[in-house]
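Take a look at the structure below.
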């Protein structure tokens, strides 16, 4: 039976995604900005000769290179204690990215676990999961984060965990509904029909089909976590000085708002760029992995 | 039943009840059948008559709300109802293979064909990964997929419907099961591919000497592929017998109605109305009494409402549930 011998091979899914990614402006811009930020954060010590904590009271509040008295010795100027502002911002990227990745990872694990359990098993398990999700949705996340930080204190680790434990609801809602769809597919029944256990079905059949959705939600959650960290640090309840967090830099620059506005604009712009870039990347991933390939 | 000396699968008085809002839905009632090695039993009926529920009962894959009762449900003498969840799971795919209706959704899109085939073999501890690969390769050749080596590393979306259904058949055969359940295996395929798949199934059934349950609503498929037929209506088998017998001398008005729905090239007059069975399948919720076909039946009488649904003989191995004598319904207009 030599029918259907035609070797018109369709492009592999990977190839299709590569092509779509290359044609998606938003994704290209977002992803390259995020990559650039990650690169800057990792190689910060090699990119600047200064130490982020090193004070130099003789070189206080120097303008950036475009302002009066500015020079390329301190391209972004110095702060009120004479610390090099570019260095502070580069090291600040480390904090933001750590918070972003860490919180997205923790909330992803919690949310996806709940969502998959509820979506796959349905019935009573689902009722419990929905109850927990509703309780979570009723909680004012940022207020709780505020009060928890003021109780526990604002170390980096504490923030990652608090944000991770507070922002998993979107993961749970999305994975739950997608799991319900996947569970209805014949290939899940087919897997059961060849003797696959429930664990095997969840990890082998359901989870791989959820990856795209999880990545998309993770990028959104990352952006939110970064914003909330900046907010908490600005209020003095997040990262504590002298650690260079962007929110904290804005807060410290507040006193000099009218005389040295760059102290606020520069870290503000850094937050803005990172969050926009992550959102663009997330939207891009959603479009690229969508079955119908939206543009 | 004749020719069923040593059946692989015996089902006696199978009942499936599903709890739904508003009562109990009797999806399958008092259903009994047997299948032997090398034999194909076709279960025929319209949507919602309990065909798929019967198949899923054998696999013990019923939805959670469904409860299964059976006097006997044995595969090679092993009672399927008494097995633990783990034991039945070991049987699935190993002793019983299943082919699903829609090959477009029954393969997981994220895995390569080869991995999906090999996994079944490895899952049931049949051998090493290399052996699994060889077996997969051999079976793809066997089900008529050319260029098997390249196909093994492709993803499901790269294959056509016909190829995917061949894949599903190869998957069902990986562990040489004693029984294959094919649930509407050709419904989602176009007619030319249907014929190929049916031919392939018949050929493989002979070669591997497996028993096969073919579930379908398409009498054309039955006529071509089945040895014996069980016609289901509203959860019950209303007529059963050899395919030739049931087609040439249908004893139940429902079977007769189904057969009349098929147009016959050369016999059905151009422009003539095709037979149709009026009405719809009755609700199966709550207490059910009498013959459930009576409200659609041209031969219905008062006593049908209290009919106790016993099986009466209509010929050699041919039984039906109706008050009418077997020849009353009349010869259908089928030539073969």
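Protein chains in written order, with our numbering: chain A, 1 to 295; chain B, 1001 to 1336.
We put the CB at the ideal spot given by N, CA and C, even for glycine.
None of these values were measured; they are calculated from a predicted model.
{"Query": "Start-to-end residues for the beta strand (DSSP E) that takes in residue 1173 (chain B)", "Result": "Premise fails: residue 1173 (chain B) lies in the alpha helix (DSSP H), 1161-1173, not in any beta strand (DSSP E)."}
{"Query": "Start-to-end residues for the alpha helix (DSSP H) that takes in residue 1208 (chain B)", "Result": "1191-1208"}
{"Query": "Short-range partners of chain A found in the stretch 1101-1115 of chain B, where Cβ spacing is below 9 Å", "Result": "1101, 1102, 1103, 1104, 1105, 1106, 1107, 1108, 1109, 1110, 1111"}
{"Query": "Residue(s) in a DSSP beta bridge with residue 1015 (chain B)", "Result": "B:1069"}
{"Query": "Closest by C-alpha distance to residue 1279 (chain B), when choosing among B:1022, B:1211, B:1293", "Result": "B:1293"}
{"Query": "For residue 1002 (chain B), the three-state DSSP class (helix, strand or coil)", "Result": "Because residue 1002 (chain B) sits at a pLDDT of 43, beneath the cut-off of 50, its placement in the model cannot be relied upon, and the following sentence gives the value as read from the coordinates. Of the three classes helix, strand and coil, the one that applies to residue 1002 (chain B) here is coil, per DSSP."}
{"Query": "Residue from B:1219, B:1178, B:1073 whose Cα sits closest to the Cα of residue 1187 (chain B)", "Result": "B:1219"}
{"Query": "Residues bridged to residue 1036 (chain B) (per DSSP)", "Result": "B:1007"}
{"Query": "Beta-carbon spacing of residue 1130 (chain B), residue 1169 (chain B) below 9 Å", "Result": "no"}
{"Query": "Contacts that residue 1190 (chain B) makes with chain A (C-beta to C-beta distance below 7 Å)", "Result": "Residues of chain A passing the Cβ test: none, with the nearest at roughly 13 Å."}
{"Query": "Within 9 Å, strictly: CB atoms of residue 1324 (chain B) and residue 1253 (chain B)", "Result": "yes"}
{"Query": "In DSSP terms, what residue 1233 (chain B) is bridged to", "Result": "B:1236"}
{"Query": "Three-state secondary structure (DSSP) of residue 84 (chain A)", "Result": "strand"}
{"Query": "CA-to-CA distance, residue 231 (chain A) to residue 26 (chain A), given in whole angstroms", "Result": "26 Å"}
{"Query": "Closer than 9 Å to chain A by CB, residue 1084 (chain B)", "Result": "no"}
{"Query": "Exposure label - residue 274 (chain A); buried when at least 16 CB within 10 Å", "Result": "buried"}
{"Query": "Stretch-stretch touch, CB-based, cutoff 8 Å, three pairs: the stretch 1149-1160 of chain B with the stretch 1198-1214 of chain B", "Result": "no"}
{"Query": "Nearest to residue 1037 (chain B) (by Cα), restricted to the options B:1008, B:1314, B:1078", "Result": "B:1008"}
{"Query": "Check whether residue 1006 (chain B) and residue 1031 (chain B) have beta carbons under 9 Å apart", "Result": "no"}
{"Query": "Selection of the stretch 157-190 of chain A by Cβ proximity to chain B, strictly under 7 Å", "Result": "185, 186, 187, 189, 190"}
{"Query": "Exposed unless 16 or more other CB atoms sit within 10 angstroms - verdict on residue 32 (chain A)", "Result": "exposed"}
{"Query": "Under 7 Å by beta carbon: chain A residues contacting residue 1093 (chain B)", "Result": "193, 194, 195"}
{"Query": "First through last residue of the beta strand (DSSP E) which encompasses residue 1312 (chain B)", "Result": "1312-1315"}
{"Query": "C-beta contact flag for residue 171 (chain A) and residue 228 (chain A) at 9 Å", "Result": "no"}
{"Query": "Delimiting residues of the beta strand (DSSP E) encompassing residue 1097 (chain B)", "Result": "1096-1099"}
{"Query": "Alpha helix (DSSP H) segment containing residue 281 (chain A), residue limits", "Result": "262-289"}
{"Query": "Residues that residue 1183 (chain B) bridges to, as DSSP identifies them", "Result": "B:1215"}
{"Query": "Which of helix, strand or coil DSSP assigns to residue 1030 (chain B)", "Result": "strand"}
{"Query": "N- and C-terminal bounds of the alpha helix (DSSP H) containing residue 46 (chain A)", "Result": "44-47"}
{"Query": "Span of the alpha helix (DSSP H), counted from its first residue to its last, around residue 1319 (chain B)", "Result": "It is not in any alpha helix (DSSP H) - residue 1319 (chain B) instead sits in the beta strand (DSSP E) that spans 1318-1320."}
{"Query": "CB contact below 9 Å: residue 54 (chain A) versus chain B", "Result": "no"}
{"Query": "Sheet register partners of residue 1228 (chain B) (DSSP bridge)", "Result": "B:1041, B:1242"}
{"Query": "Close-in-space but distant-in-sequence residues of the same chain around residue 1076 (chain B) (CB under 7 Å, 5 per side omitted)", "Result": "1008, 1178"}
{"Query": "Those residues which DSSP pairs with residue 78 (chain A) across a bridge", "Result": "A:84"}
{"Query": "Length of the line joining the Cα atoms of residue 1310 (chain B) and residue 1065 (chain B)", "Result": "29 Å"}
{"Query": "Reduced DSSP secondary structure (H/G/I, E/B, other) of residue 1336 (chain B)", "Result": "Confidence is the limiting factor: at residue 1336 (chain B) the pLDDT is only 34, short of 50, which leaves the residue's position unreliable, though a coordinate-based value still follows. It is coil, neither helix nor strand."}
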